[in-house]
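Down below is the structure, laid out as structure tokens.
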Ligand code: NAP
Ligand code: SF4
């Protein structure tokens with residue numbers, strides 16, 4: 019029996035029963051717009067249904083053209099579109115799971131000029147102004163929602179989720195911030211909520227009683243002039259009568275400058291608001307955001323904070339999440355580390371979504387599940403993300419990898435990342451690989467630096483060089499000075515660092531090092547301390563004002579930091595699309611001085627001498643930390659290639675140190691293991 023009993027307790031909705039308490043939350047994958055997208059989506063969703071999810075919600079589909087996210091986004095409005103969707107519903111139903119189509123009208127978040135909103139306005143995150151809807155336009159839009167739901171029903175969906183949060187159209191009607199209408203759809207709460215309620219009623223009328231309607235309710239707008247708590251409750255209380263079966267939680271508008279799902283957000287940080295609402299209504303409520311383990315899901319359900327749990331990205335990371343939980347194998351779950359690097363960041367770059375820790379996500383049709391016909395003995399040199407992902411995938415395909423790691427532990431650069439406050443989740447990936455190595459009996463030799471003679475004398479069929487990178491030491495006068503430290507010395511070896519620090523290099527590692535150094539090591543990081551997180555980002559859990567926003571309380575930085583680069587561009591320009599702003603804001607809040615167009619003259623007892631467009635100066639710092647990129651560690655590969663004819667492969671940072679990141683490294687490992 020599963021120890022996560024609460025998760026696997028069925029939920030009876032009257033006309034249908036959900037087999038467990040977990041919803042796979044809506045995610046746009048980019049497959050929606052690709053060639054053969056419906057076949058690919060069918061495989062993607064089927065894999066998750068097979069993995070045990072009780073109820074899946076699709077990515078958002080527009081009910082009409084104006085509501086599309088961008089001009090080529092999916093819309094469901096015409097009977098001829100139904101048959102394509104049947105591929106998805108059939109594939110999911112074959113695995114005894116249910117699936118709802120999310121109806122999403124973007125309103126003023128449309129990335130095209132035909133967007134329509136309650137009032138003419140332009141969102142700060144959109145390049146286009148949306149025009150205010152006429153009364154006829156509203157009537158027509160409500161019809162379109164109902165029509166879309168009816169077509170979804172015809173396509174075999176078990177229900178729909180009506181997207182009423184994250185600052186999309188319905189949310190725009192509800193909030194005084196974006197609804198300045200003076201007719202019966204604007205002004206009082208009764209008027210502002212009219213569009214939401216009429217839409218739900220129209221959907222219910224058109225689909226009949228035996229069709230699931232989930233309403234995604236914005237419980238926290240996190241923007242000024244958003245909804246008040248009283249309004250959220252008043253709307254929630256009317257949802258049942260209007261025809262809703264399940265209330266899902268929506269947190270924060272997309273334009274809110276508050277992190278809501280990124281890795282520095284504490285796990286389960288927003289469950290309190292779902293719990294607060296649950297006390298007010300009878301409908302089942304769903305907790306969301308930063309729930310990524312069965313333990314946390316179970317705890318939320320057990321303590322009656324919610325009736326269901328929605329997880330989205332965790333099912334990209336591991337489609338078998340629930341099967342593993344059911345069999346009490348949660349330590350085998352490939353945990354979503356909330357990095358956004360391959361999922362949301364891809365969506366915002368118009369690329370197909372995937373997952374940093376599971377590059378097969380959304381590419382299910384491209385990988386075979388067959389074992390290799392020619393099992394091989396393979397030496398893997400290095401146990402960073404590239405080496406580990408290769409070894410695990412190769413072993414799963416029937417090969418016999420042996421890992422040689424020169425340090426005392428596996429993980430490579432992840433052992434540095436996991437030390438950064440707000441990046442604790444990276445530990446989970448190391449745990450996942452460790453467990454898989456045990457299950458697959460992968461031979462591991464720690465503290466073992468192999469050399470050419472060893473490889474030449476070995477009997478391996480192929481060699482994979484995943485030996486990673488070495489930090490670059492820039493040529494600056496005085497670089498040997500005792501106040502100079504490399505980033506591994508600071509982050510990994512925890513060398514003592516003074517109170518005033520200059521960081522040379524403002525790439526991802528420079529940012530990470532700055533984040534590490536502004537924190538007092540004797541204090542828990544914000545990502546582990548919900549109260550500190552709420553205060554820093556101005557989230558008012560007492561919900562005094564509309565939108566639940568309050569003035570930010572900046573934490574006192576532990577050190578005075580200069581973050582330096584030679585380029586003239588904005589600091590952190592190459593950080594993740596959806597998380598870069600958080601890293602930048604966090605450092606700004608800690609008064610980190612970001613200097614650009616810097617030339618480094620020398621380092622001496624006085625400090626770091628620099629030239630900037632403003633002139634020459636000395637930064638009188640206790641330490642200078644070098645975060646100036648890396649070199650590939652691949653000499654052994656080249657030596658081996660010269661003297662040995664056996665196949666040799668170079669992956670990860672050892673192959674290319676520029677823009678080395680874990681996403682590329684893990685994907686290279688998995689892909690190579692599928693080719694070999
Ligand atoms: P990086 O992004 O290439 O940055 C290296 C920095 O060093 C740049 O700011 C560069 O800026 C400077 N630099 C390069 N050569 C130099 C020299 N000779 N003298 C002085 N400065 C020099 O490398 P990284 O910071 O080591 O990051 C490695 C990879 O890890 C990146 O691809 C990044 O994507 C990834 N990563 C990402 C994150 C994140 O997204 N939060 C965190 C960690 C790592 P100037 O040339 O302008 O001085
Ligand atoms: Fe989670 Fe990162 Fe994978 Fe996205 S890319 S699903 S955030 S681990």
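In my numbering, the protein residues as written are 19 to 694.
Cβ coordinates follow ideal geometry from the N, Cα and C atoms, glycine included.
What you are looking at is a predicted structure, and each value in this text was computed from that prediction instead of being measured.
Residue i Cβ short of 7 Å to the ligand NAP heavy atom set
{"i": "residue 492", "result": "yes"}
{"i": "residue 364", "result": "no"}
{"i": "residue 373", "result": "no"}
{"i": "residue 402", "result": "no"}
{"i": "residue 409", "result": "no"}
{"i": "residue 522", "result": "yes"}
{"i": "residue 496", "result": "no"}
{"i": "residue 648", "result": "yes"}
{"i": "residue 594", "result": "yes"}
{"i": "residue 602", "result": "no"}
{"i": "residue 93", "result": "no"}
{"i": "residue 525", "result": "yes"}
{"i": "residue 588", "result": "no"}
{"i": "residue 344", "result": "no"}
{"i": "residue 118", "result": "no"}
{"i": "residue 529", "result": "yes"}
{"i": "residue 585", "result": "yes"}
{"i": "residue 679", "result": "yes"}
{"i": "residue 166", "result": "no"}
{"i": "residue 645", "result": "yes"}
Rounded Cβ spacing between residue i and residue j (contact assumed at less than 8 Å)
{"i": "residue 577", "j": "residue 535", "result": "5 Å"}
{"i": "residue 590", "j": "residue 572", "result": "So it is not a contact: roughly 18 Å between Cβ atoms."}
{"i": "residue 136", "j": "residue 150", "result": "7 Å"}
{"i": "residue 75", "j": "residue 163", "result": "That belief does not hold up - the Cβ atoms of residue 75 and residue 163 are roughly 16 Å apart, past 8 Å."}
{"i": "residue 330", "j": "residue 45", "result": "5 Å"}
{"i": "residue 397", "j": "residue 473", "result": "7 Å"}
{"i": "residue 182", "j": "residue 107", "result": "Incorrect: roughly 23 Å between the Cβ atoms, too far for contact."}
{"i": "residue 480", "j": "residue 302", "result": "Actually they are not in contact, since the Cβ atoms of residue 480 and residue 302 sit about 53 Å apart, beyond 8 Å."}
{"i": "residue 119", "j": "residue 160", "result": "Not really, about 17 Å apart at Cβ, beyond 8 Å."}
{"i": "residue 260", "j": "residue 218", "result": "4 Å"}
{"i": "residue 689", "j": "residue 516", "result": "Their Cβ separation, rounded to whole angstroms, is 44 Å, which puts residue 689 and residue 516 out of contact at 8 Å."}
{"i": "residue 646", "j": "residue 490", "result": "5 Å"}
{"i": "residue 278", "j": "residue 186", "result": "Contact doesn't hold; Cβ gap of about 15 Å is too wide."}
{"i": "residue 298", "j": "residue 251", "result": "5 Å"}
{"i": "residue 421", "j": "residue 462", "result": "5 Å"}
Proximity test, residue i beta-carbon vs the ligand SF4 heavy atom, cut-off 7 Å
{"i": "residue 359", "result": "yes"}
{"i": "residue 355", "result": "yes"}
{"i": "residue 335", "result": "yes"}
{"i": "residue 285", "result": "no"}
{"i": "residue 331", "result": "yes"}
Cross-strand partners of residue i (DSSP beta bridge)
{"i": "residue 138", "result": "BP columns for residue 138 are empty, so no partner."}
{"i": "residue 269", "result": "238"}
{"i": "residue 688", "result": "DSSP lists no partner for residue 688."}
{"i": "residue 648", "result": "489"}
{"i": "residue 470", "result": "The partner list for residue 470 (beta bridge, DSSP) is empty, contrary to what the question assumes."}
{"i": "residue 147", "result": "140"}
{"i": "residue 42", "result": "74 and 329"}
{"i": "residue 520", "result": "580 and 642"}
{"i": "residue 304", "result": "266 and 326"}
Check your understanding: How about the region 488-504 and the region 556-572: do they share at least three Cβ pairs that are nearer than 8 Å?
Key -> no
Practice item. Check whether the region 343-353 touches the region 443-461, counting contact only when three or more Cβ pairs, one atom from each stretch, lie closer than 8 Å. Key: yes
Practice item. Let me know the beta strand (DSSP E) ranges lying completely inside the region 70-99, each 3 residues or longer, listed in chain order. Key: 73-79
Check your understanding: Is the region 395-410 touching the region 83-93 in the sense that three or more CB pairs, one from each, lie closer than 8 Å?
Key -> no
Review point. Considering only residues of the region 595-640, which uninterrupted beta strand (DSSP E) runs meet the minimum length of 3 residues and lie entirely inside it, listed in chain order?
Key: 611-613, 617-622, 625-630 and 633-637
Check your understanding: Is it true that the region 319-328 meets the region 337-345, where meeting means three or more beta-carbon pairs spaced less than 8 Å apart?
Key -> no
**Study point:** Minimum length 4: unbroken alpha helix (DSSP H) runs contained in the region 320-387
**Key:** 331-335, 339-344 and 362-366
Exercise for review: Jot down the residue ranges of each uninterrupted alpha helix (DSSP H) in the region 394-462, minimum 4 residues, whole runs only, in chain order.
Suggested key: 403-414, 432-435 and 444-457
Point to revise | Three or more C-beta pairs below 8 Å linking the region 430-448 and the region 543-551 | key: yes
Exercise for review: Mind listing, in chain order, the continuous beta strand (DSSP E) runs of no fewer than 3 residues lying wholly within the region 543-601?
Suggested key: 578-582
Review point. Taking the runs of the alpha helix (DSSP H) that are 4 residues or longer, which of them lie wholly in the region 186-250?
Key: 187-192, 207-210 and 212-225
Review point. Below 8 Å, can you find three or more Cβ-Cβ pairs linking the region 639-654 to the region 666-673?
Key: yes
Check your understanding: Do three or more CB pairs link the region 249-266 to the region 197-206 at distances below 8 Å?
Key -> no
Check your understanding: Does the region 224-236 come within contact of the region 257-272, defined as at least 3 CB pairs closer than 8 Å?
Key -> yes
Point to revise | 4-residue-minimum alpha helix (DSSP H) runs that sit fully inside the region 253-300, ordered along the chain | key: 289-296
Review point. Is the region 520-532 touching the region 416-428, taking contact as three or more C-beta pairs under 8 Å?
Key: no
Check your understanding: Does the region 276-285 come close enough to the region 609-622 to have 3 or more Cβ pairs within less than 8 Å?
Key -> no
Point to revise | Three CB pairs or more closer than 8 Å across the region 387-396 and the region 362-373 | key: no
Check your understanding: Quick check: the region 93-112 against the region 58-72, are there 3 or more CB pairs under 8 Å?
Key -> yes
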